[in-house]
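Protein chains: 2
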Amino acid sequence: MKPAAKFVLVIHGGAGTILKSSMTPSLESEYISSLTQALSQGYSLLSTGSTSLDAVLAAIKSLEDNPLFNAGKGAVFTSEGFNELDASIMDGKTLKAGSVSCVRTIKNPILAAYKVMTSSDHVMLMGEGADRFAKDQGCEIVDQSYFFTQKRWDHLEKLKKAKLMALDHNAESTLEKNGKKFGTVGAVALDIYGNLAAGTSTGGLTNKKYGRVGDSPVIGAGNYANNKTCAVSCTGTGEYFLRTLGAYDVSAMMEYGGLGLAEAAEKLIHKKFIEIGGDGGLIAVDREGNATMPFNTEGMYRGIITEDGEAKVSIYKE
Amino acid sequence: MKPAAKFVLVIHGGAGTILKSSMTPSLESEYISSLTQALSQGYSLLSTGSTSLDAVLAAIKSLEDNPLFNAGKGAVFTSEGFNELDASIMDGKTLKAGSVSCVRTIKNPILAAYKVMTSSDHVMLMGEGADRFAKDQGCEIVDQSYFFTQKRWDHLEKLKKAKLMALDHNAESTLEKNGKKFGTVGAVALDIYGNLAAGTSTGGLTNKKYGRVGDSPVIGAGNYANNKTCAVSCTGTGEYFLRTLGAYDVSAMMEYGGLGLAEAAEKLIHKKFIEIGGDGGLIAVDREGNATMPFNTEGMYRGIITEDGEAKVSIYKE
Numbered sequence: 001m002k003p004a005a006k007f008v009l010v011i012h013g014g015a016g017t018i019l020k021s022s023m024t025p026s027l028e029s030e031y032i033s034s035l036t037q038a039l040s041q042g043y044s045l046l047s048t049g050s051t052s053l054d055a056v057l058a059a060i061k062s063l064e065d066n067p068l069f070n071a072g073k074g075a076v077f078t079s080e081g082f083n084e085l086d087a088s089i090m091d092g093k094t095l096k097a098g099s100v101s102c103v104r105t106i107k108n109p110i111l112a113a114y115k116v117m118t119s120s121d122h123v124m125l126m127g128e129g130a131d132r133f134a135k136d137q138g139c140e141i142v143d144q145s146y147f148f149t150q151k152r153w154d155h156l157e158k159l160k161k162a163k164l165m166a167l168d169h170n171a172e173s174t175l176e177k178n179g180k181k182f183g184t185v186g187a188v189a190l191d192i193y194g195n196l197a198a199g200t201s202t203g204g205l206t207n208k209k210y211g212r213v214g215d216s217p218v219i220g221a222g223n224y225a226n227n228k229t230c231a232v233s234c235t236g237t238g239e240y241f242l243r244t245l246g247a248y249d250v251s252a253m254m255e256y257g258g259l260g261l262a263e264a265a266e267k268l269i270h271k272k273f274i275e276i277g278g279d280g281g282l283i284a285v286d287r288e289g290n291a292t293m294p295f296n297t298e299g300m301y302r303g304i305i306t307e308d309g310e311a312k313v314s315i316y317k318e
Numbered sequence: 319m320k321p322a323a324k325f326v327l328v329i330h331g332g333a334g335t336i337l338k339s340s341m342t343p344s345l346e347s348e349y350i351s352s353l354t355q356a357l358s359q360g361y362s363l364l365s366t367g368s369t370s371l372d373a374v375l376a377a378i379k380s381l382e383d384n385p386l387f388n389a390g391k392g393a394v395f396t397s398e399g400f401n402e403l404d405a406s407i408m409d410g411k412t413l414k415a416g417s418v419s420c421v422r423t424i425k426n427p428i429l430a431a432y433k434v435m436t437s438s439d440h441v442m443l444m445g446e447g448a449d450r451f452a453k454d455q456g457c458e459i460v461d462q463s464y465f466f467t468q469k470r471w472d473h474l475e476k477l478k479k480a481k482l483m484a485l486d487h488n489a490e491s492t493l494e495k496n497g498k499k500f501g502t503v504g505a506v507a508l509d510i511y512g513n514l515a516a517g518t519s520t521g522g523l524t525n526k527k528y529g530r531v532g533d534s535p536v537i538g539a540g541n542y543a544n545n546k547t548c549a550v551s552c553t554g555t556g557e558y559f560l561r562t563l564g565a566y567d568v569s570a571m572m573e574y575g576g577l578g579l580a581e582a583a584e585k586l587i588h589k590k591f592i593e594i595g596g597d598g599g600l601i602a603v604d605r606e607g608n609a610t611m612p613f614n615t616e617g618m619y620r621g622i623i624t625e626d627g628e629a630k631v632s633i634y635k636e
């Protein structure tokens with residue numbers, strides 16, 4: 001079936017110290033096939049007339065269910081040995097949004113964020129209350145043991161010994177340089193109706209303390225969508241996206257400053273972030289279907305698919 | 319002592335259904351003297367060369383310690399009978415920021431938010447972890463009973479019976495029309511060095527469930543400061559500020575769109591908010607010392623003081 005109009009899905013699986021020299025061929029191939037699979041799931045929806053929201057949910061669910069990525073199943077451990085997950089979603093058509101943070105029992109936090117958007121009067125729910133809301137809404141609830149993966153546990157133990165806190169993969173690769181990379185995940189899409197949507201999901205920081213909240217569950221920081229401008233999902237050191245309102249800032253530079261998508265995203269990641277010492281990247285798509293994926297780290301797991309059905313996946317700098 | 323240069327402090331104690339017809343003269347006088355006292359405390363700092371951050375902290379601490387306002391001592395109750403408080407602060411000079419959300423044992427959440435900004439690598443801490451961080455940092459810790467006030471408890475009981483959730487004061491005044499008004503609090507300031515700062519603190523929604531987070535602890539939503547543009551603190555239905563990134567949006571309209579402070583704030587509150595059905599208000603000051611206090615509700619507790627030392631306090635529409 002030939003789709004009626006242009007559509008685009010862009011995804012990421014985290015940015016950071018991702019070097020070809022510390023990657024094995026088999027792990028690289030696992031990443032490529034996992035990203036391709038997430039793109040395919042979104043494509044099969046977009047190409048048959050589903051919405052950008054549906055595609056974003058499907059792509060992120062696929063990445064959350066995959067232990068390779070620091071989101072859902074593959075979430076990292078806090079200093080107390082818990083898995084605490086964050087996710088958010090935004091609908092560019094209605095500017096409605098939903099998010100959950102520091103949840104411990106929701107199998108797919110992105111689906112709970114969607115329920116917050118569609119079935120509550122609120123935007124942000126956190127902690128045990130958000131877990132209860134998701135359960136009340138019929139989201140799949142799992143035991144904390146579902147999120148246990150040996151490699152994340154070993155990573156926590158190593159960081160505790162080294163008294164380090166690791167975002168995504170930087171500290172680990174500094175410690176080990178052995179190719180175990182993690183990552184926040186995200187997806188942005190434009191559907192054939194011209195609607196934009198954005199979603200982001202993460203397992204946070206390994207060995208994080210004190211109920212730290214990053215940018216992923218904060219609308220405008222790690223995630224934003226507006227049909228007037230663009231849809232954006234961010235990855236990197238969350239604190240810099242929180243302080244710059246990174247995701248919304250790309251939209252604001254377009255709406256008020258007249259910048260194009262690539263120019264606005266470039267300015268955030270390669271100028272504003274450099275000025276405040278921030279590291280990370282983002283994926284974005286505008287209402288014309290233009291896409292951009294800038295990052296100022298060594299690599300970012302990323303991929304794009306459009307109406308031609310050809311998935312393009314990349315990991316390192318080009 | 320005559321200060322060397324221009325300075326301004328603007329505060330608010332919440333916006334909502336605040337009608338002269340449902341206010342008693344003695345309660346009105348209590349509000350006016352409480353707002354005046356908070357302004358005076360900030361003034362005594364700014365006029366003797368202290369920074370805008372110091373003045374914002376002092377003014378908000380004064381409002382947090384006052385049971386009239388829904389922040390600190392006067393915080394409302396959640397559906398489970400807890401007091402859960404949120405606060406945030408931002409330094410316009412460094413663009414550093416800190417916030418705490420859903421904390422239960424910190425006497426002055428604004429001081430804990432300041433500690434997050436100055437003594438942690440993070441921007442947002444939440445829940446029990448944030449309480450622990452504040453304790454570790456030497457913030458004053460109190461028992462939940464410190465936050466007990468009979469009128470807030472009675473309010474919870476009434477709303478539970480009516481199965482309502484109340485933001486600030488709207489639902490209560492709809493229920494009662496008896497002049498018991500609550501309010502998020504906030505302060506923005508420009509000091510003699512040209513530095514802007516903003517702070518916001520709240521006790522949230524009466525009868526709130528599910529760990530709902532509003533705009534007050536979210537940088538860019540309920541609070542923002544940037545020496546390039548302005549300092550902003552918001553009050554109203556938090557969900558609309560979360561979706562519009564209200565506080566940052568005023569700054570973005572100035573920086574990218576070339577709007578003046580009053581024009582940008584007006585556009586947010588009287589145009590964008592009306593379009594999405596949002597209610598609330600904000601206070602803001604720019605780097606020239608211009609101030610604005612727009613709201614689209616019946617009233618907003620507010621006040622301003624500048625280098626002439628004359629406190630101007632208002633409650634209703636003018």
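So the sequences go chain by chain: A and B. Using the numbering used here, read the first sequence as starting at 1 and increasing by one per residue. Using the numbering used here, read the second sequence as starting at 319 and increasing by one per residue. The C-beta atom is built at its ideal place from N, Cα and C for all residues, glycine as well.
Three-way DSSP call (helix, strand, coil) for residue i in this model
i         : result
Phe291(B) : With chain B covering only 319 through 636, there is no way to say anything about residue 291(B).
Ile510(B) : coil
Tyr528(B) : coil
Asp409(B) : strand
Ala55(A)  : helix
Thr149(A) : coil
Ser365(B) : coil
Val631(B) : strand
Thr436(B) : helix
Leu425(B) : The displayed chain sequence assigns Lys, not Leu, to residue 425(B). It is coil, neither helix nor strand.
Val389(B) : Looking at the sequence shown, residue 389(B) is not Val but Ala. In the structure shown, Ala389(B) sits in coil (DSSP, three-state: anything other than H, G, I, E or B).
Asp533(B) : coil
Gly203(A) : coil
CB of residue i within 8 Å of CB of residue j, strictly
i         : j         : result
Pro109(A) : Asp86(A)  : yes
Ala516(B) : Asn541(B) : yes
Phe263(B) : Thr502(B) : What is shown of chain B runs 319 to 636, which leaves residue 263(B) out entirely.
Tyr114(A) : Leu27(A)  : no
Thr615(B) : Gly564(B) : no
Leu63(A)  : Phe7(A)   : no
Arg620(B) : His330(B) : yes
Leu259(A) : Cys230(A) : no
Thr366(B) : Asp509(B) : no
Ser419(B) : Ala393(B) : no
Residue i - partner residues in DSSP beta bridges
i         : result
Lys160(A) : Note: Lys160(A) sits in no beta bridge, so no partner.
Met300(A) : Ala15(A)
Leu327(B) : Ala507(B), Ile623(B)
Ala225(A) : Ala231(A)
Phe295(A) : Gly281(A)
Ala197(A) : Asp91(A), Ala189(A)
Leu245(A) : DSSP, once it has assigned bridges, lists no residue as partnering Leu245(A).
Gly416(B) : Ile407(B)
C-alpha gap between residue i and residue j, whole angstroms
i         : j         : result
Asn488(B) : Gly532(B) : A caution first: Asn488(B) carries a pLDDT of 46, below 50, which makes its placement in the model unreliable, though a value can still be read off. Cα to Cα, the separation comes out at about 16 Å.
Phe241(A) : Ala221(A) : 5 Å
Lys527(B) : Gly72(A)  : 24 Å
Leu156(A) : Glu266(A) : 34 Å
Ser99(A)  : Asp54(A)  : 16 Å
Ser233(A) : Gly186(A) : 6 Å
Ile60(A)  : Thr200(A) : 7 Å
Thr423(B) : Gln462(B) : 6 Å
Ala284(A) : Lys93(A)  : 16 Å
Gly256(A) : Gly194(A) : What sits at residue 256(A) in the sequence shown is Tyr, not Gly. Their Cα atoms are separated by approximately 21 Å.
Ala38(A)  : Ala264(A) : 27 Å
Leu485(B) : Ala189(A) : Because the pLDDT of Leu485(B) is 49, which lies under 50, any placement of that residue in the model is unreliable, and the number read from its coordinates should be weighed accordingly. So the two alpha carbons sit approximately 34 Å from each other.
Thr244(A) : Lys635(B) : 34 Å
Lys151(A) : Phe69(A)  : 12 Å
Ile274(A) : Gly14(A)  : 18 Å
Glu458(B) : Glu398(B) : 24 Å
Residues of the region 582 to 594 of chain B whose Cβ lies closer than 8 Å to any Cβ of chain A, in chain order: Ile594
Members of the region 97 to 119 of chain A that neighbour chain B once the beta carbon cut-off is set at 8 Å: Ala97, Ser101, Cys102
Residues in the region 2 to 19 of chain A having any Cβ partner in chain B nearer than 8 Å: Residues passing the 8 Å Cβ filter: none.
Residues in the region 378 to 402 of chain B having any Cβ partner in chain A nearer than 8 Å: If the cut-off is 8 Å between Cβ atoms, the region 378 to 402 of chain B has nothing near chain A.
Short of 7 Å Cβ to Cβ, which residues in the region 505 to 518 of chain B face chain A? none
What are the residues in the region 440 to 462 of chain B lying within 8 Å of chain A by C-beta distance? His440, Val441, Met442, Leu443, Met444, Gly445, Glu446, Gly447, Ala448, Arg450, Phe451
Give, in chain order, every residue of the region 558 to 571 of chain B whose Cβ lies closer than 8 Å to some Cβ of chain A. Going along the region 558 to 571 of chain B in chain order, one finds Leu560, Arg561, Thr562, Leu563, Tyr566, Asp567, Ala570, Met571 with a Cβ nearer than 8 Å to chain A.
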